[in-house]
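Participant:
Protein chains in written order, with the UniProt record's numbering: chain A, 1 to 263; chain B, 1 to 184.
1) Does chain B have any CB closer than 8 Å to the CB of residue 258 of chain A?
2) Is residue 166 of chain B helix, strand or coil when you go by DSSP?
3) Can the beta-carbon of residue 40 of chain A be found less than 8 Å from the beta-carbon of residue 139 of chain A?
4) Give a yes or no on whether the C-beta atoms belonging to residue 19 of chain B and residue 68 of chain B are separated by under 8 Å.
5) So for residue 87 of chain A, helix, strand or coil by DSSP?
6) From residue 113 of chain B to residue 107 of chain B, what distance separates their C-alpha atoms?
7) What does residue 69 of chain A reach in chain B if we use C-beta pairs closer than 7 Å?
8) Under the three-state reduction of DSSP, which class applies to residue 56 of chain A: helix, strand or coil?
9) Name the chain A residues that come within less than 7 Å of residue 186 of chain B, Cβ to Cβ?
10) Are the CB atoms of residue 167 of chain B and residue 12 of chain B nearer to each other than 8 Å?
11) In terms of alpha-carbon separation, which member of B:93, B:62 and B:63 lies closest to residue 74 of chain B?
12) So, do the segment 149-161 of chain B and the segment 21-32 of chain B have three or more beta carbon pairs nearer to each other than 8 Å?
13) Whole angstroms is fine: what's the gap from residue 142 of chain A's alpha carbon to residue 128 of chain A's?
14) So is residue 155 of chain A in contact with chain B if we call contact Cβ pairs under 8 Å?
15) Please return the same chain residues whose Cβ sits closer than 8 Å to the Cβ of residue 249 of chain A, not counting the five positions on each side in sequence.
16) Would you call the segment 111-128 of chain A in contact with the segment 134-154 of chain B, where contact means no fewer than 3 C-beta pairs closer than 8 Å?
17) Measuring straight from C-alpha to C-alpha, what distance separates residue 163 of chain B and residue 150 of chain B?
18) Look at the Cβ atom of residue 99 of chain B, then the Cβ atom of residue 53 of chain B, and state whether they are nearer than 8 Å.
19) In this structure, what does DSSP give as the bridge partners for residue 259 of chain A?
20) If you run the structure through DSSP and keep just helix, strand and coil, what is residue 147 of chain A?
21) Under a three-way DSSP split, which group does residue 13 of chain A fall into?
22) Give the secondary structure of residue 264 of chain A by DSSP, where H, G and I count as helix, E and B as strand, and everything else as coil.
23) For residue 165 of chain B, which residues in the same chain have their Cβ closer than 6 Å to its Cβ, ignoring the five residues on either side in sequence?
24) Check for me: the alpha helix (DSSP H) holding residue 111 of chain A runs from which residue to which?
25) Out of A:68, A:194 and A:151, point me to the one whose CA is closest to residue 44 of chain A's CA.
26) List the residues of chain A that residue 8 of chain B touches, going by C-beta distances under 7 Å, in chain order.
27) Could you work out which residue in A:176, A:255, A:206 and A:13 is closest to residue 338 of chain A when comparing CA atoms only?
28) Express the C-alpha separation of residue 170 of chain B and residue 140 of chain B in angstroms, rounding to a whole number.
29) Kindly indicate which residue of A:108, A:106 and A:135 has the alpha-carbon position closest to the one of residue 120 of chain A.
30) Under a three-way DSSP split, which group does residue 50 of chain A fall into?
31) Give me the chain B residues within the contact set of residue 255 of chain A, using Cβ-Cβ distance strictly less than 7 Å, ordered along the chain.
32) Less than 6 Å between C-beta atoms, sequence neighbours within five positions excluded: which residues of the same chain meet that for residue 47 of chain B?
33) Short of 6 Å in beta carbon distance, which residues of its chain neighbour residue 32 of chain A, apart from the five on each side in sequence? Order them along the chain.
34) Assuming residue 171 of chain A contacts residue 189 of chain A under a Cβ cut-off of 8 Å, what Cβ separation, rounded to an integer in Å, is found between them?
35) For residue 16 of chain B and residue 148 of chain B, what's the separation of their Cα atoms in angstroms?
36) Taking 7 Å as the limit between beta carbons, can you name the residues of its chain near residue 124 of chain B, skipping five residues before and five after?
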């Protein structure tokens, strides 16, 4: 049947994901959530595929297709270079569910397979109110369907890429700090910031980078001069990254593949 | 004297850098639209590849519904012959409405609905319709991003200088953005 009503774009931001399982509608217990989370973490470690389970109370008038695609994009489920994410989205009040597959898994998890998972696993279980049972078995089916499509080695490569870049940034930072700190002027940083801003983008960037450069130059110059007086040079580049637990998704994208259903 | 020249040279260099950066930014955004249009066409092609399979598997049983098959075939031919994106969009919209009618008709044949081949094809078509609407939405996002650039000061000066024209948004028929829902 052709849906007649025009879609109302009621997508709303869900905030940052707390893990692979985000049970906003509180459909499963904490213990069940833990079990799922561990399973999905292991799946990610083994295959690099990112499977996320999200339950929400309401779509607020949106279609589940649109909501799933927007959420998928916002969170970036799957690795950026492989788009190997899957989102199982369940809306409790609307009694609707959708499996949204990332570009990179459209071949492994076809629309027809997604439909069958919804139709033969999720629907019957949800009708009986066995939410956890349905989600648990559906994720198993998705895991079985997408295993072997990707190897986890490549994910290490993307981490090392990331490290290479931060290494370059730190090098550039130290290099600029050492030059600007030694230079007598306190304005050169602003000029460099302005030029870099123009090369990268536009007036807005230039203006903000000029201010940033001035402040940066001022701070490193003062620190350098004070260091020269006391003979004790500062090292403030450290600063720990927030670590532990779920580190967010990898930046994958979906193109509307998958299947939807209701119960 | 020399100081004055240094300032002038500095201003020229900065202006050239800004011009270059802005120009490159516009080129990048313009190309993003082309890339996104290619994505839309990929999904259109996917739809066209699925249609003959569906038509062949339902044609025998739906012998009295020849008109919709004729409409579909005709719109497909027009799409293949379309040269401009606008003509392609028009033909694709006609395919969409004919396909929507076909899917509604299929629903009325219980023997078709229970056929596994037809069911799988319908699911695939439904998925394709959704993909098309996603890629079209992103196409419009890309156009919007570009349009804001070429209209906003001071980028609009560069855009006018190098002839960056406005790109048109995807105007779909009302209701066409809805993927046909298949219920079994």
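Idealized CB from N, CA, C, for every residue including glycine.
Since the model is a prediction, treat every value here as computed from it, not as a measurement.
Facilitator: According to the data block:
1) Position 258 of the first chain, counted from the first residue, corresponds to residue 258 of chain A. Yes, its Cβ sits closer than 8 Å to a Cβ of chain B.
2) Taking the first residue of the second chain as 1, we reach residue 166 of chain B at position 166. Note: residue 166 of chain B maps to coil in three-state DSSP.
3) As a working note, residue 40 of chain A is residue 40 in the first chain. As a working note, residue 139 of chain A is residue 139 in the first chain. Cβ atoms of residue 40 of chain A and residue 139 of chain A: closer than 8 Å.
4) Within the second chain, the letter at position 19 stands for residue 19 of chain B. Within the second chain, the letter at position 68 stands for residue 68 of chain B. Going by C-beta atoms, residue 19 of chain B is not nearer than 8 Å to residue 68 of chain B.
5) Residue mapping note: residue 87 of chain A aligns to position 87 of the first chain, counting from 1. In the three-state DSSP reduction, residue 87 of chain A falls in the strand class (E or B).
6) Within the second chain, numbered from 1, the residue matching residue 113 of chain B stands at position 113. Within the second chain, numbered from 1, the residue matching residue 107 of chain B stands at position 107. Their backbone Cα atoms lie some 6 Å apart in a straight line.
7) Working through the first chain from its first residue, we reach residue 69 of chain A at position 69. Simply 134.
8) Counted from its first residue, the first chain places residue 56 of chain A at position 56. DSSP, reduced to helix, strand and coil, places residue 56 of chain A within a strand of the structure shown.
9) Outside the shown range of chain B (1 to 184) lies residue 186 of chain B, about which nothing can therefore be said.
10) Against the second chain, residue 167 of chain B aligns to sequence position 167. Against the second chain, residue 12 of chain B aligns to sequence position 12. Pairing residue 167 of chain B with residue 12 of chain B gives a Cβ-Cβ distance that is not under 8 Å.
11) On the second chain, position 74 is the one that residue 74 of chain B refers to. Out of B:93, B:62 and B:63, B:93 has the C-alpha closest to the C-alpha of residue 74 of chain B.
12) yes
13) Walking along the first chain from the start, residue 142 of chain A turns up at place 142. Walking along the first chain from the start, residue 128 of chain A turns up at place 128. Cα to Cα, residue 142 of chain A sits roughly 21 Å from residue 128 of chain A.
14) Here residue 155 of chain A corresponds to residue number 155 of the first chain, with the count starting at 1. Because residue 155 of chain A carries a pLDDT of 45, less than 50, the predicted location of this residue cannot be relied on, and no value is offered for it.
15) In the first chain, the residue the question calls residue 249 of chain A occupies position 249. These residues qualify, in order along the chain: 17, 50, 52, 75, 76, 77, 78 and 85.
16) no
17) Sequence index remark: in the second chain, residue 163 of chain B carries index 163 (1-based). Sequence index remark: in the second chain, residue 150 of chain B carries index 150 (1-based). Roughly 10 Å separates the two Cα atoms.
18) Against the second chain, residue 99 of chain B aligns to sequence position 99. Against the second chain, residue 53 of chain B aligns to sequence position 53. Not in contact: residue 99 of chain B and residue 53 of chain B (Cβ atoms no closer than 8 Å).
19) Position 259 of the first chain, counted from the first residue, corresponds to residue 259 of chain A. According to DSSP, which records beta bridges pairwise, residue 259 of chain A is partnered with A:99.
20) Indexing the first chain from 1 puts residue 147 of chain A at position 147. Correct three-state label for residue 147 of chain A: coil.
21) Position 13 of the first chain, counting from 1, holds the residue named residue 13 of chain A. In the three-state scheme derived from DSSP, where H, G and I count as helix and E and B as strand, residue 13 of chain A is classed as coil.
22) Given that chain A is displayed from residue 1 to residue 263, the structure contains no residue 264 of chain A and the question cannot be resolved.
23) Looking up residue 165 of chain B in the second chain gives position 165. Cβ within range, chain order: n/a, list empty.
24) By 1-based counting over the first chain, the position of residue 111 of chain A is 111. Per DSSP, residue 111 of chain A belongs to the alpha helix (DSSP H) from 111-117.
25) Position 44 of the first chain, counted from the start, is the residue given in the question as residue 44 of chain A. For the residues A:68, A:194 and A:151, the minimum Cα distance to residue 44 of chain A belongs to A:151.
26) Sequence index remark: in the second chain, residue 8 of chain B carries index 8 (1-based). Chain A residues near residue 8 of chain B: none, gap ~16 Å exceeds 7 Å.
27) Given that chain A is displayed from residue 1 to residue 263, the structure contains no residue 338 of chain A and the question cannot be resolved.
28) The residue you call residue 140 of chain B lines up with position 140 of the second chain. The residue you call residue 170 of chain B lines up with position 170 of the second chain. Each residue's alpha carbon lies about 6 Å from the other.
29) Taking the first residue of the first chain as position 1, residue 120 of chain A is located at position 120. It is A:135.
30) Along the first chain, one-based indexing puts residue 50 of chain A at 50. Note: residue 50 of chain A maps to strand in three-state DSSP.
31) Taking the first chain and counting its residues from 1, one reaches residue 255 of chain A at position 255. The contacting residues are 131, 134 and 135.
32) Your numbering for residue 47 of chain B matches position 47 in the second chain. Result list for residue 47 of chain B: 128, in chain order.
33) By one-based count along the first chain, residue 32 of chain A stands at place 32. Only 132 meet the Cβ criterion.
34) Taking the first residue of the first chain as position 1, residue 171 of chain A is located at position 171. Taking the first residue of the first chain as position 1, residue 189 of chain A is located at position 189. The pair is not a contact, with the Cβ atoms about 17 Å apart (cut-off 8 Å).
35) Here residue 16 of chain B is taken as the residue at index 16 of the second chain, counted from 1. Here residue 148 of chain B is taken as the residue at index 148 of the second chain, counted from 1. So the alpha carbons of these two residues sit roughly 22 Å apart.
36) Position 124 of the second chain, counting from 1, holds the residue named residue 124 of chain B. Around residue 124 of chain B: 50.
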